[in-house]
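**Q**
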Amino acid sequence: MQPTLEEVARARCSRRPAQPSQSGVAGHGHRAPAGPVRASTGVGPSQFHSSSVATMSRTLRSSRLFLSRCKPATSAGRLGYLSQLPASPAQNVHTRRQSTVTRDPMTGEFTSLPDIEPSRLEIERTQNPKKPPPPSGLVFGHTFTDHMLTIPWNASTGWGTPKIQPYGPLSLEPSATVFHYAQTLFEGLKAYRDQNGKVTLFRPDMNMKRMNSSAKRIALPAFNGDQVIELMKELIRLDKHWIPNQPGYSLYIRPTLIGSQPALGIAPPNEALLFVICSPVGPYYPQGFKPVALYGTTEYTRAFPGGIGAYKLGANYAPGVVAQKDAAKLGYVQNLWLHGPEHHITEVGTMNAFAVFKRPDGSAELVTPPLDGVILPGVTRDSVLALARDHASGKAKVPDLPEQLVVSERPMTMKEVKDAAASGRLLEFFGTGTAAVISPVDRIGYLGEDVHIPTGPDGMGPVSRPVWKQLVGIQMGTVAHPWSVVVTE
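Under the numbering used here, the first residue of the sequence shown carries the number 39, and numbering increases by one thereafter.
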């Protein structure tokens, strides 16, 4: 039997002499690295997501990695310990990747930098494990598991040693770029436990692709998404007992990347940190689907052409808080973001928007705005479109979905939705996202009046209902599909 990454990490750590910690993480018995003492403050890693800059006060300073970490595994450097251990197929792949790290023969400088390497993973188990709370008491995003994953990056030495360690405060200097210039991005995905106890992820490759796209947009470092998925699997395996066994519950996973260089000035940071935290969550609608009311927002703009609307950046979310508070004062749950003089529909709160229209020939048209640089390319959005298109083409039928279905990515205005509702041609309107999967809408406030939208007895409609059942079936393992990625059997 081949060793797991955790077994490799434990064996390697036990064979090497103790060294001062370079992780930059406060507490847990680490010694501070040698050098000047800098004032820093600690903050929980869950506080780097929905605010752009102002609400952040403290995080983790990425450490500088020694050049010896980039030596081949056959050297006497730190990675040399791996050469004494049995090699798994995964290790062989990672070792081959390390051979691409080269130096200039004249200057000794790197001509390519190390990518993230799961074979270098270090694991420090918590000495004070917490007891998971009763599932019925879970509040979304308020409870976190025992461990987290951290991976530092440096412009001179590339990606450093991945480490799974106890969940706890991170430390960073007040001058860190993330505090001042909103150099932060994040993702959201879930791990599910099926009726047989198997733990799976849903399309994690899509999250990693989008995360790299977001990183490029704000000059943060790119990385190998497949390697991060492998490391997230190790983190989930360690904390899998936090996933409730009850239907509808899951483990929400939050990968985050921040600029951590302690320097003022608008420029690409030369230090960054990628970290992952996990939170057990319950069903978005514990008492069944409840359609929401939206406020058609014209006085605020979520995004604009050439901006950052297509990227999952912290700076995209903090400005929406005031708009949501204003909508709540008027009796609406969320904003329907409208753009331009024609009031084009863009997003539903933090979700992608869908409408279903009845066509003159009796068929149903599923419509969502195109990815024009203003819309976030949602994973659930893409999944809904793929299932609907496969059904319409006859490639893979979705039970109970209308046979005559047209799938369109096209501009959609609020006037079109209002007119269709008045004439009886609007069949339903809903949002899609990781947290809720499908969120049905029954009312939209627009220019002083409410547009009422039909919903079924269960709150859903003729397209959203069967698509939701199919998606949840894939996520929970009752419907076989390649989108489901196994973490543990």
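For glycine and all other residues, C-beta sits at the position ideal for the given N, C-alpha and C.
Whose CA, out of Tyr355, Glu447, Gly499, Arg503, lies closest to the CA of Ala220?
**A** For Ala220, the nearest C-alpha among the options comes from Tyr355.
**Q** What residue from Gly486, Thr493, Val475, Met498 has the CA that sits closest to Lys228's CA?
**A** That would be Val475, whose Cα lies nearest to the Cα of Lys228.
**Q** Evaluate the contact criterion for the region 394 to 414 versus the region 431 to 446: three or more CB pairs, one atom per stretch, below 8 Å.
**A** Segments in contact, yes.
**Q** To which residues of the same chain is Lys456 closer than 7 Å at the C-beta, ignoring the five residues directly before and after it?
**A** Correct list, in chain order: Tyr484, Val489.
**Q** So the candidates are Lys350, Glu160, Pro285, Tyr323; which of them puts its Cα closest to the Cα of Thr516?
**A** Among Lys350, Glu160, Pro285, Tyr323, the Cα nearest to that of Thr516 is on Pro285.
**Q** Ends of the alpha helix (DSSP H) at Asn245?
**A** Counting along the chain, the alpha helix (DSSP H) containing Asn245 begins and ends at 242 to 255.
**Q** Could you check if Met498 belongs to the surroundings of the ligand ZN, using beta carbon to heavy atom distance under 7 Å?
**A** Among the components of this structure there are no ligands whatsoever, and the ligand ZN is therefore not found.
**Q** Leu273 and Ile202 - do their beta-carbons sit closer together than 8 Å?
**A** Yes, the pair counts as a contact, with Cβ atoms nearer than the cut-off.
**Q** So is Gln513 buried or exposed if we call it buried at 16+ other beta carbons inside 10 Å?
**A** Buried, since its Cβ has 16 or more Cβ neighbours within 10 Å.
**Q** Rounded to a whole number of angstroms, what is the C-alpha to C-alpha distance between Tyr230 and Gly303?
**A** If you take the alpha carbons of Tyr230 and Gly303, they lie about 42 Å apart.
**Q** DSSP state of Gln284, grouped into three classes?
**A** Three-state DSSP puts Gln284 in coil, outside helix and strand.
**Q** How many Å lie between Gly499 and Asp243 at the Cα?
**A** Taking the straight line joining both Cα atoms gives about 30 Å.
**Q** Which of the three DSSP states, helix, strand or coil, is assigned to Ile491?
**A** Ile491: coil per DSSP, three-state reduction.
**Q** Just how far apart, CA to CA, sit His519 and Ala430?
**A** Going by the C-alpha atoms only, they are around 18 Å apart.
**Q** Can you check DSSP and say which residues form a bridge with Thr188?
**A** BP columns for Thr188 point to Lys201, Phe313.
**Q** Got a sec: is the Cβ-Cβ distance from Pro173 to anything in chain D below 8 Å?
**A** In the structure shown, chain D cannot be found, because there is only a single protein chain.
**Q** Do you know offhand how far Gly511's Cα is from Pro437's?
**A** Gly511 and Pro437: Cα-Cα distance of roughly 12 Å.
**Q** Helix, strand or coil for Trp521? Go by DSSP, reduced to three states.
**A** Looking at Trp521 - three-state DSSP - the assignment turns out to be coil, as it is neither helix nor strand.
**Q** So, at 6 Å on beta carbons, what are the nonlocal neighbours of Asn262 in its own chain, with the 5 sequence-adjacent residues on each side left out?
**A** Asp153, Ile154.
**Q** Under a Cβ-count criterion, where at least 16 other Cβ atoms within 10 Å of its own Cβ denotes burial, should Ser113 be classed as buried or exposed?
**A** Here Ser113 scores only 32 on pLDDT, less than 50, and its place in the model should not be relied on; the value that follows carries that caveat. Ser113 is exposed by the Cβ-count criterion.
**Q** Expressed to the nearest angstrom, what Euclidean distance is found between the alpha-carbon atoms of Thr451 and Glu385?
**A** Roughly 12 Å separates the two Cα atoms.
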